[in-house]
Amino acid sequence: MNICPWCLKYITYIKEPACLKCGKALEDDNREYCKDCTDKQHLFNQAVSVYEYSEGIKQSIYNFKYHNKREYAEVYADEISGRYGDVINMWQPDVIMPVPIHVSKLKSRGYNQAGLIAESLSKKLDIEYNEHSLIRTRATSPMKDLNDIQRTKNLQKAFKIADNVIIYNKVLIVDDIYTTGTTIDA
Numbered sequence: 000m001n002i003c004p005w006c007l008k009y010i011t012y013i014k015e016p017a018c019l020k021c022g023k024a025l026e027d028d029n030r031e032y033c034k035d036c037t038d039k040q041h042l043f044n045q046a047v048s049v050y051e052y053s054e055g056i057k058q059s060i061y062n063f064k065y066h067n068k069r070e071y072a073e074v075y076a077d078e079i080s081g082r083y084g085d086v087i088n089m090w091q092p093d094v095i096m097p098v099p100i101h102v103s104k105l106k107s108r109g110y111n112q113a114g115l116i117a118e119s120l121s122k123k124l125d126i127e128y129n130e131h132s133l134i135r136t137r138a139t140s141p142m143k144d145l146n147d148i149q150r151t152k153n154l155q156k157a158f159k160i161a162d163n164v165i166i167y168n169k170v171l172i173v174d175d176i177y178t179t180g181t182t183i184d185a
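In case it helps, numbering that gives the first Met the number 0 puts the sequence shown at residues 0 to 185.
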C-alpha cells in the first residue's frame with residue numbers, strides 16, 4: 000500500500016517548532032502558538048497534524064476522498080501512529096471517533112474517509128473505535144473555499160450526539176484535514 004509517487008514527492012511533514020494547541024508549523028521559533036490559536040479560543044485540548052497542507056497532500060487527500068483510494072487510510076494511520084502514537088497514548092483517550100459525514104455524502108461516496116483513518120488508527124493503538132455516537136445532522140458546504148466566519152456558520156448545528164450513547168471522558172476525534180479547527184470546535 001502506498002500513496003501515488005507524484006503525491007509522495009510533494010508531501011512535506013510538519014516540522015518543529017509546532018503550535019502547542021493545533022500542531023501546525025510555526026514560522027517563528029520564539030512562539031508557542033500559531034496566529035489562529037492566539038486569536039481564537041478553541042474548544043479542544045490539543046490537535047496534531049502529520050503533513051503540511053502542500054500540493055502533494057492536497058492531491059493525495061483528493062484521491063483518497065474522490066477516487067476511492069481507501070487504502071490510503073492505512074498509510075495515513077501508519078503515519079499518525081508512528082509520529083504521534085506515544086503522544087496519543089499519553090492522552091489516554093477512551094475512544095477514537097471520526098468526524099461524521101452526512102448520510103447523503105456517505106451514500107454517494109460509499110465511505111467516510113475520516114472513519115477509515117480513525118478505524119485503522121484505533122486498531123494500531125488498541126483504542127476503542129466508535130463511529131455511531133457523533134452524527135452529522137445536515138449536509139454542509141465544502142469548507143475549502145470558506146473563510147473562518149463562513150466555516151463557523153456553515154457548521155452551526157451540523158453535529159449532534161446520538162441518543163443513548165456511552166459517555167466518554169476523553170475522545171480522540173479524527174479528521175482528514177485540519178485548517179482552522181472550526182470542525183473540531185463545532
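Built from N, CA and C at the ideal position, the CB exists for glycine as well.
Residue burial classification, residue i (beta-carbon count within 10 angstroms, cutoff 16)
{"i": "I100", "result": "buried"}
{"i": "I56", "result": "buried"}
{"i": "K23", "result": "buried"}
{"i": "T37", "result": "exposed"}
Residue of the options minimising C-alpha distance to residue i
{"i": "Y196", "options": "N1, T179, A117, K106", "result": "Outside the shown range of the chain, which is 0 to 185, sits residue 196, and nothing can be said about it."}
{"i": "R82", "options": "Q58, L124, P97, E54", "result": "L124"}
{"i": "E130", "options": "L25, V102, I87, E15", "result": "V102"}
{"i": "Y75", "options": "I60, N168, E127", "result": "I60"}
{"i": "A138", "options": "Y128, L154, S48", "result": "L154"}
{"i": "R135", "options": "K104, K122, D144, L120", "result": "K104"}
Spatial distance of residue i from residue j (CA atoms)
{"i": "C33", "j": "I165", "result": "34 Å"}
{"i": "Q58", "j": "C6", "result": "6 Å"}
{"i": "S132", "j": "K106", "result": "19 Å"}
{"i": "E118", "j": "M96", "result": "8 Å"}
{"i": "I79", "j": "I87", "result": "9 Å"}
{"i": "E127", "j": "D174", "result": "17 Å"}
Cβ-heavy atom distance, residue i to the ligand PLP, below 8 Å
{"i": "L124", "result": "With respect to the ligand PLP, the structure offers nothing, as it holds no ligand at all."}
* To do: Tell me, please, whether the segment 144 to 158 touches the segment 104 to 121 by the rule of three or more beta-carbon pairs shorter than 8 Å.
  => As far as the Cβ criterion goes, the segment 144 to 158 does not touch the segment 104 to 121, which means the pair count is below three.
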